[in-house]
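Visitor: Top line first, the protein sequences correspond to chains A and D. If you use this note's numbering, the first sequence corresponds to residues 1 to 348, in order. If you use this note's numbering, the second sequence corresponds to residues 1 to 238, in order.
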Amino acid sequence: MSKPYELGGGDVADRQGPGLTRRGFLRKGAAAMAGVTAVAGALSPLRELKRRDLPTLERLLQKHYKEMTPDDKQAVLKRIAEEVERRFGVRPTVTDPPPLPGVEYVYALNVSRCVGCRKCVHACVRENNPSRQPEIQYIRVLKMQKGSIDVETSDHHYDPPLVPEHDSYYLPVQCHQCAKPPCVKVCPVEATWQEPDGITVIDYDWCIGCRYCEAACPYWARRFNFAEPTIPRGELNPQMAYLSNRPRMRGVMEKCTFCLHRVRAGRLPACVEVCPTGSRKFGNVLDPDSEVRYILEQKRVYVLKEEVGTLPRMFYYFDERGSRYHEPIAPVRPREPEGPSEGGGQRS
Amino acid sequence: MARVKPSDPPREPGPLPGQRMERLRPVLVPLVLFVVAGVLGSGLWQFESPLGPRRAAPPWASDPRTVYQPKLRPQITIAGYTYRCSDCHDLFPSPAETTRPLTQHREIVLRHGINTRCFNCHHRTNRDALVDDWGREIPYDQPQLLCAKCHGPVYRDWLHGSHGRTGGYWDTTRGPQLRPRCVACHDPHVPPFPPIPPAPGPRTLRMGDQSHPPQPEQTDPLRFHLKTPRGGPRPGDE
Chain A
1 MSKPYELGGG DVADRQGPGL TRRGFLRKGA AAMAGVTAVA GALSPLRELK RRDLPTLERL
61 LQKHYKEMTP DDKQAVLKRI AEEVERRFGV RPTVTDPPPL PGVEYVYALN VSRCVGCRKC
121 VHACVRENNP SRQPEIQYIR VLKMQKGSID VETSDHHYDP PLVPEHDSYY LPVQCHQCAK
181 PPCVKVCPVE ATWQEPDGIT VIDYDWCIGC RYCEAACPYW ARRFNFAEPT IPRGELNPQM
241 AYLSNRPRMR GVMEKCTFCL HRVRAGRLPA CVEVCPTGSR KFGNVLDPDS EVRYILEQKR
301 VYVLKEEVGT LPRMFYYFDE RGSRYHEPIA PVRPREPEGP SEGGGQRS
Chain D
1 MARVKPSDPP REPGPLPGQR MERLRPVLVP LVLFVVAGVL GSGLWQFESP LGPRRAAPPW
61 ASDPRTVYQP KLRPQITIAG YTYRCSDCHD LFPSPAETTR PLTQHREIVL RHGINTRCFN
121 CHHRTNRDAL VDDWGREIPY DQPQLLCAKC HGPVYRDWLH GSHGRTGGYW DTTRGPQLRP
181 RCVACHDPHV PPFPPIPPAP GPRTLRMGDQ SHPPQPEQTD PLRFHLKTPR GGPRPGDE
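1. Please report the residue range of the beta strand (DSSP E) in which A/S168 lies.
2. Across the stretch 118-131 of chain A and the stretch 144-153 of chain A, are there enough close Cβ pairs to call them in contact, namely three or more that are closer than 8 Å?
3. Which residues in the same chain as A/A13 place their Cβ atom closer than 8 Å to its Cβ, once the five residues preceding and following it in sequence are excluded?
4. Considering D/Y169, what are the terminal residues of the beta strand (DSSP E) in which it resides?
5. Can you say whether A/T310 is buried or exposed, counting buried as having 16 or more other CB atoms within 10 angstroms of its CB?
6. Any chance you could list the alpha helix (DSSP H) runs of at least 4 consecutive residues sitting entirely within the stretch 126-160 of chain D, in chain order?
7. Under 8 Å: do the stretch 90-99 of chain A and the stretch 240-253 of chain A share three or more Cβ pairs, one atom per stretch?
8. Flag A/Y158 as yes if its beta-carbon sits less than 8 Å from any beta-carbon of chain D, otherwise no.
9. Kindly give me the distance between the Cβ atoms of D/R127 and D/P74, rounded to whole angstroms, as I take these residues to be in contact under 8 Å.
10. Using the beta-carbon of each residue, which ones in chain A are nearer than 7 Å to D/P153?
11. Starting from A/Y212, trace the alpha helix (DSSP H) both ways and give me its first and last residue.
12. If you check the beta carbons only, do A/E291 and D/H160 fall under 8 Å apart?
13. Would you kindly work out how many angstroms separate the C-alpha atoms of D/R165 and A/F226, rounded to a whole number?
14. Using the rule of at least 16 other Cβ atoms within 10 Å of the residue's Cβ for burial, across every protein chain shown, is A/D72 buried or exposed?
15. Determine, using beta-carbon pairs with one atom in the stretch 102-120 of chain A and one in the stretch 70-86 of chain A, whether at least three such pairs fall under 8 Å.
16. Output yes if chain D places a C-beta closer than 8 Å to the C-beta of A/F258; else output no.
17. Looking at the strands, I want to know which residues DSSP matches up with A/K255.
18. Could you tell me which whole beta strand (DSSP E) segments of length 3 or greater appear in the stretch 60-136 of chain D?
19. Could you give the DSSP three-state label for A/M68: helix, strand or coil?
20. Quick one: grab the DSSP three-state call for A/K408.
21. Strictly below 7 Å CB to CB, what residues from chain A border D/P143?
22. For A/K281, would you say it is in contact with chain D, using Cβ-to-Cβ distances shorter than 8 Å as the test?
23. In terms of alpha-carbon separation, which member of D/Y140, D/E97, D/P139 and D/D133 lies closest to D/H151?
24. Cutting at 6 Å between CB atoms, please list the residues of its own chain near A/R248, excluding the five before and the five after it.
25. Indicate whether at least one CB of chain A lies closer than 8 Å to the CB of D/I196.
26. Rounded to whole angstroms, what is the Cα-Cα separation between A/C124 and D/R100?
27. So, helix, strand or coil for A/T93, using DSSP?
28. Quick check on DSSP: helix, strand or coil for D/I196?
29. Rounded to whole angstroms, what is the Cα-Cα separation between A/C183 and D/H112?
30. Beta-carbon within less than 6 Å of D/Y83's beta-carbon, same chain only, minus the 5 sequence neighbours each way: which residues are those?
31. Mapping the DSSP letters down to three states, classify A/A30 as helix, strand or coil.
32. Measure the beta-carbon distance from A/V189 to A/W206 and round it to whole angstroms, keeping in mind my assumption that it falls under 8 Å.
33. With 16 other CB atoms within 10 Å as the buried threshold, where does A/F25 fall?
34. Measure the beta-carbon distance from D/A129 to D/P139 and round it to whole angstroms, keeping in mind my assumption that it falls under 8 Å.
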């Protein structure tokens with residue numbers, strides 16, 4: 001590397017120290033300036049940081065949910081209510097309902113009645129205060145091909161004028177509230193755990209956002225707040241609980257909690273209440289007279305991904321005769337004659 | 001910055017392209033950094049979601065009301081006046097039951113399978129009541145007893161709560177449980193649950209391109225090609 005135009009010569013170099021020339025000084029100075037400017041530019045999003053984005057001292061020093069005394073909890077609920085009011089301009093009612101004794105929740109879903117209208121999805125969004133933009137929804141409704149249980153070929157984005165479509169059935173999926181939840185096992189900070197009534201909850205103040213639980217969940221039931229969650233004014237549900245639908249912050253996980261704030265007050269989850277066909281059933285499985293107990297005892301039920309050993313509390317069932325027997329079934333091309341060894345059965 | 005000063009003795013008539021690059025080189029790094037800083041600082045380059053703006057869900061998407069709101073009373077409203085069924089039917093006896101075209105109640109469409117006779121469900125003499133299998137009266141507010149005449153398994157499931165909607169409280173010690181009756185979801189004259197428009201689907205990049213639902217061969221080509229020759233075409237292939 002030749003330097004044909006080096007300035008100064010030996011005298012200058014001698015006076016200013018070895019290797020330092022005017023040109024070199026300018027070069028390095030310009031590079032340093034640019035470097036500083038670039039760093040400042042990279043840090044520029046900090047300008048948009050508002051005071052409310054900074055965690056308060058109380059929040060930083062907050063204990064783990066299970067270690068809080070009742071007084072601690074009251075202080076935390078008060079702090080959350082104030083934060084929500086500052087952020088959304090609505091004074092919420094923040095509670096922390098305890099699990100009811102002798103209750104274990106089970107969910108049942110009748111796939112032969114579900115028409116895929118997605119009303120459960122939107123009722124859930126209205127109830128649970130997830131981010132609207134970017135969009136977070138706990139329930140996914142899969143359009144499945146009739147005769148197949150292969151979720152790999154399902155479709156989330158169906159949009160016909162009317163549902164149900166004659167060649168499809170619909171499989172809503174949400175958190176299965178597993179009895180052996182893999183998401184709880186992987187959490188490095190114990191920010192998520194299973195409550196005595198079977199609901200797996202998250203302490204949003206304790207979550208570090210590592211997303212291990214999202215990766216561990218075989219049902220894709222957990223959602224991550226990649227960006228600051230936004231909820232339009234007027235759409236916030238002011239009835240909140242610490243472990244369920246209080247507004248989340250950026251960088252934490254969230255999930256379906258069976259509408260914990262409703263069900264621990266004896267009410268049904270929002271998705272159950274809104275389902276127009278009554279495909280969704282919910283109740284206490286320890287109560288021998290409950291709807292879900294009847295379904296588990298009398299109906300043909302199955303769970304998703306039984307082989308992964310998560311023991312879900314979400315059971316899919318179907319009736320002796322489906323609700324859509326009056327519909328024409330999609331024409332099926334005549335099958336090629338084949339050897340007797342296969343028995344003509346479709347393998348999947 | 002990299003211009004040659006006049007006092008510098010030129011070694012060659014003009015710098016070769018490679019040498020020009022050589023002279024620009026020290027400026028390049030600061031220049032790039034300056035540009036990066038400018039772009040980052042200006043806020044011009046912001047993330048823009050390819051999903052576009054949010055579509056708010058319509059209010060009916062979270063409306064928990066039933067499809068129908070039946071009155072559960074033997075009433076009919078004509079030109080703003082409400083009558084009991086017997087107001088007319090006591091005066092004008094109905095003709096014998098045939099499949100002739102209707103002269104009254106022509107707005108009623110009857111598509112209830114093989115059940116094509118009015119008096120299968122309506123009481124022959126007391127028009128303010130429905131009828132059971134022995135000719136006894138069933139009040140209008142107990143339609144499930146009428147439906148149970150034919151739909152036994154469904155009635156059994158409804159009684160136990162596995163068929164039909166449930167609202168209100170799961171814990172009946174804390175509040176009332178709502179169990180809408182058959183006619184809240186089924187029009188008794190056209191009983192299949194009516195097709196309804198779906199609420200808006202998800203708008204997130206995590207579930208792939210929304211305009212093109214995944215085809216079987218895209219999601220798992222190995223599985224698709226293994227399955228096709230053995231199982232034949234699948235239901236829905238056309």
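Virtual Cβ for every residue (Gly too), placed ideally from N, Cα, C. Nothing here was measured: the structure is a model prediction, and the numbers come from that model.
Guide: To lay it out plainly:
1. S168 to V173
2. no
3. A caution first: A/A13 carries a pLDDT of 45, below 50, which makes its placement in the model unreliable, though a value can still be read off. Same-chain partners within the cutoff: G19, L20 and T21.
4. Taken as a continuous stretch (DSSP letters only), D/Y169 belongs to no beta strand (DSSP E), as it is neither H nor E.
5. buried
6. 143-147 and 152-160
7. yes
8. yes
9. 7 Å
10. E320
11. Y212 to A216
12. yes
13. 36 Å
14. exposed
15. no
16. no
17. A/R222
18. 75-78 and 81-84
19. coil
20. No statement about residue 408 of chain A is possible, as the shown extent of chain A runs from 1 to 348 and does not include it.
21. The contacting residues do not exist; D/P143 stays about 16 Å from chain A at best.
22. yes
23. D/D133
24. Y204, N225, P229 and E254
25. yes
26. 49 Å
27. strand
28. strand
29. 49 Å
30. I76
31. helix
32. 6 Å
33. exposed
34. 6 Å
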